Amino acid sequence: MSAPSISVSLPDGKTLSFPQGVTGTEVAAAIGPGLARAALAAEVDGHQWDLFRPIAKDARLRIITRKDPEALELIRHDSAHVLAMAVQDLFPGTQVTIGPAIENGFYYDFARDQPFTQDDLARIEARMREIVEADLPTRREVWPRDKAIAHFEEIGEHYKAELIRSIPADEDVSIYFHGDWHDLCRGPHFVSTGKIGQAFRLTNVAGAYWRGDSNNAQLQRIYGTAWRDEKELDAYLQRVAEQEKRDHRRIGKELGLFTFSPDVGAGLPLWMPNGMVIRQELEFLALQEERRDGYRRVATPHIAKDALYLRSRHLPYYKEDMYSPLDIDGENYYLRPMNCPHHHLIYGATRHSYRELPIRIAEYAQDYRYEASGGLSGLMRVRGFCQNDAHIYCRYDQAKDEFIRVMQLHARYYDLMEIQEYYMRLSLPDTANLEKYVDEPEKWLAAAEIIRAAMKETGYPYIEAKGEAAFYGPKVDFMIKSVIGTEYAISTNQLDFLATQTFGLNYIGEDGKDHPVYVIHRAPLGSHERFTAFLIEHYAGAFPVWLAPIQARIIPITDRVSDYALSVRDRLLALPVVNGTAGLRVDIDLSSERMQRKIRDAQTMKIPYMLVIGDKEAEAGSVAVRLRSGRDLGAMPLEKFTDRIRREAESRHDVAD
RNA sequence: GCCGGAGUAGCGUAGUGGUAGCGCAACCCCUUGGUAAGGGGUAGGUCGAGAGUUCAAUUCUCUCCUCCGGCACCA
666 MSAPSISVSL PDGKTLSFPQ GVTGTEVAAA IGPGLARAAL AAEVDGHQWD LFRPIAKDAR
726 LRIITRKDPE ALELIRHDSA HVLAMAVQDL FPGTQVTIGP AIENGFYYDF ARDQPFTQDD
786 LARIEARMRE IVEADLPTRR EVWPRDKAIA HFEEIGEHYK AELIRSIPAD EDVSIYFHGD
846 WHDLCRGPHF VSTGKIGQAF RLTNVAGAYW RGDSNNAQLQ RIYGTAWRDE KELDAYLQRV
906 AEQEKRDHRR IGKELGLFTF SPDVGAGLPL WMPNGMVIRQ ELEFLALQEE RRDGYRRVAT
966 PHIAKDALYL RSRHLPYYKE DMYSPLDIDG ENYYLRPMNC PHHHLIYGAT RHSYRELPIR
1026 IAEYAQDYRY EASGGLSGLM RVRGFCQNDA HIYCRYDQAK DEFIRVMQLH ARYYDLMEIQ
1086 EYYMRLSLPD TANLEKYVDE PEKWLAAAEI IRAAMKETGY PYIEAKGEAA FYGPKVDFMI
1146 KSVIGTEYAI STNQLDFLAT QTFGLNYIGE DGKDHPVYVI HRAPLGSHER FTAFLIEHYA
1206 GAFPVWLAPI QARIIPITDR VSDYALSVRD RLLALPVVNG TAGLRVDIDL SSERMQRKIR
1266 DAQTMKIPYM LVIGDKEAEA GSVAVRLRSG RDLGAMPLEK FTDRIRREAE SRHDVAD
């Protein structure tokens, strides 16, 4: 079979053929410079999945089939256009703005005074299906910029006109027509609306600022999801349903992990006994790992005077995001939003020789930030949280190796928690917006170099992002994915060259003189709050033994064995466990319910082990072990069970079921 | 903070301009049962808070609180 060719229809009715992969430049040369601007239809004999592509630079004209990753993006982008068509059809006077393809689907932002309702959404979706059914042909035109501005102003599309105004004056713009409807668009698009297919859904309406700026007017954004076929759509909807089932807010309630109260305040979680177990175990893990890496623990107050944050320079940057100060004896005390300044004071309290460095100061520390009310979300975004914080004070020549050690510490945690997918995001200052950062260009460059070198050396995947740095230095965030693929920004690490100035943090070098220290801020486990939210989703609440709030529940079948069952519990509670903060966590169900019911209750609580005890077990001095997977291990001597559960708790690795 | 939606018992929910039901959980009784819901009964509500309209408000209006979906923000 010969490769399909691309035929280009010219305005005068002639058709030219090109092989696949021809570039826009080549086509332009063949049809003449005058025509390159004209309407251009690229089409392939007998092929369903061709597309329009502007003749520009070296863009390749090629056929996109359903197998191409690009096709999905086209389906979504075309869907956004069809959504806008449907909306303008049903709600005249609504202005269009932008509508891109995004992960899983698309959206379109509209300017309209009246809000769209759920009912409107259903009507719009129905209209979209008709437009797809009608299979309207796509046509591309290239207009001079000024003509486009005048046109869109004339038809009342002021947002579009504004968009075009930001394009350089000598550039042309492309306009895509689907039937009579048209929109400014870079393309490409399919040749007709029918190519989208019907595997799409409108999902929700939301507010969104024009051009992403909260000083601008707010538009109405309609979101949709779109796929190649029903099967993909169903799989996606199922994934969403699974995410809802694993939602940490829901499971947190079901398992009694944490709660909130309007009387305490938004974003201030109350940790319940079961949730506290997870916090304690995480903290104990950090304690062990950090001791291995030479950290020393400190404890510092939750409040400080404004003087501290003026000195650290946090106050001017973040005043709006801090709780209002307490006025005590005429002085302003702030709830601390971070621990860095406190730790700096500890470093600075003593003179340090170059021989002592690096000095690593660690604290699981409670912080308070007055986060915007609309951004709060379960344990993911809170106003009171407890950070796995530490600061490393080191020499310039040690910074890279220290940074590498920090990243390796992350990897150890991820390994332990079976986090397969993660990457680092290096955040540098936005060069267009430099007033947000400390003005020390050379130090920025030097710090960025150290971090890049460290990241390269570890070999973990990373990306770079502009404009996300801390004001005092570049930042490396770790992004991790749960088993169902949701991404969490879980840990943040920075290389700080400012603290040495603001807090006078130095060390005495071999030459007997003072030298500045570099400070590494790091928090591999992030906060208890967010990390727990992640773990809940990751494990769907079925925590491994070392984290499980209740590790084993004893289920006596009859009252006759109550005494034996209680003695089993007491023996389990008395066992020392090396890694556990307080031995095994075991309870007993002495209610008069039937055994089946007790098993169900334990299952619902996702307790790893159920120890069923009846006359036989009491007689033999054994326990019948059932796993939450449903597997029945049968009766075994208590010692055999304790060996297993202790090994699991101590190693932090469950035996495979 | 902004746009939109919501708040009824511990949890999940129904409902109405004439002050509320259901399921699960809780408690009591019967049941002593061998691996995911035995049966019966009892109790539990300032219908998120405050104000207004009304003869009468859980229901309509306003303000506040809290939550949800986004946006903006995220040291």
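Going from the first sequence to our numbering is simple: count from 1 and add 665. By construction, the Cβ of each residue, glycine as well, lies at the ideal position given by its N, Cα and C atoms. The structure presented is a predicted model; accordingly, all values stated were derived computationally and were not measured.
7 Å CB neighbourhood of residue i in its chain, flanking five on each side removed
i: ALA964; result: GLU1028
i: VAL1320; result: ARG1309, GLU1313
i: ASN769; result: THR890, TYR901
i: ALA751; result: ILE789, ARG792, MET793, ILE796
Cβ-Cβ distance between residue i and residue j below 8 Å
i: ILE1024; j: HIS1017; result: yes
i: GLN1216; j: TYR1172; result: no
i: PHE1143; j: TYR1087; result: yes
i: TYR988; j: LEU1000; result: yes
i: VAL1047; j: LEU922; result: no
i: LEU947; j: LEU1190; result: yes
i: ALA1230; j: ILE1278; result: yes
i: ASP1095; j: GLY1040; result: no
i: ARG1323; j: VAL870; result: This structure gives no information on residue 1323, because the portion of the chain shown stretches from 666 to 1322.
i: PHE817; j: ILE832; result: no
i: LEU1160; j: ILE1185; result: yes
i: LEU1091; j: ALA1130; result: yes
i: ASP835; j: ALA864; result: no
Residue i, enclosing alpha helix (DSSP H) - first and last residue
i: ILE763; result: Element bounds for ILE763: n/a, residue is neither H nor E.
i: ARG1312; result: 1303-1316
i: LEU980; result: 979-983
i: GLU948; result: 938-957
For residue i, the three-state DSSP class (helix, strand or coil)
i: ASN869; result: strand
i: GLN779; result: coil
i: ASP723; result: Summary for ASP723: the model assigns pLDDT 48, below 50, so the residue's position carries little reliability; its value from the coordinates is reported in the next sentence. Three-state result, ASP723: coil.
i: ARG1025; result: strand
i: LEU933; result: coil
i: ALA1055; result: strand
i: ARG788; result: helix
i: ALA704; result: The predicted model places ALA704 with a pLDDT of 36, which falls under 50 and marks its position as unreliable; any figure quoted below should be read in that light. DSSP places ALA704 in coil when its eight states are reduced to three.
i: ILE916; result: helix
i: PRO684; result: strand
i: GLU1152; result: strand
i: THR1269; result: helix
i: PHE923; result: strand
i: PRO1006; result: helix
i: ASN997; result: strand
i: HIS854; result: strand
i: ILE615; result: With the chain represented from 666 up to 1322, any question about residue 615 goes unanswered, as that position is not in the structure.
i: ILE1033; result: Rather than Ile, the amino acid found at residue 1033 in this sequence is Tyr. Strand.
i: MET1072; result: helix
i: VAL963; result: coil
i: LEU1251; result: Note that residue 1251 corresponds to Val in the displayed sequence, not to Leu. Of the three classes helix, strand and coil, the one that applies to VAL1251 here is strand, per DSSP.
i: GLU885; result: The sequence given here has Gln at residue 885, not Glu. DSSP places GLN885 in strand when its eight states are reduced to three.
i: ASP632; result: There is simply no residue 632 to check, as the chain begins at 666 and stops at 1322 in what is shown.
i: TYR1102; result: coil
i: GLY1206; result: coil
i: ARG1016; result: coil
i: ALA1239; result: helix
In DSSP terms, what residue i is bridged to
i: ALA1171; result: Residue identity check: residue 1171 is Asn in the sequence provided, not Ala. ASN1171 pairs with PRO1181.
i: THR890; result: GLY770, ARG866
i: ASN1158; result: VAL1141
i: HIS847; result: PHE842
i: SER1042; result: ARG1046
i: ALA826; result: None, per the DSSP bridge assignment.
i: ALA1327; result: Summary: the structure shown does not reach residue 1327, with the chain confined to residues 666 through 1322, and so no result is reported for it.
Same chain only: Cβ atoms within 6 Å of residue i, ignoring 5 sequence neighbours per side
i: PRO1214; result: ASN939, VAL942
i: ALA1030; result: ASN1004, GLN1052, ASP1054
i: GLU1083; result: none
i: GLU1152; result: MET1144, LYS1146
Run of the beta strand (DSSP E) containing residue i, from where it starts to where it stops
i: VAL1277; result: 1274-1278
i: TRP808; result: 803-809
i: LYS1146; result: 1140-1146
i: ALA1289; result: 1287-1292
i: ALA1130; result: 1127-1131
i: LEU748; result: Here LEU748 belongs to no beta strand (DSSP E); instead the alpha helix (DSSP H) covers 734-755.
Nonlocal neighbours in the same chain, by C-beta distance under 8 Å from residue i, ignoring five residues either side
i: ARG976; result: PRO1006, THR1167, PHE1168
i: ILE861; result: ILE740, ASP743, SER744, VAL747, VAL797, PHE855, ALA891
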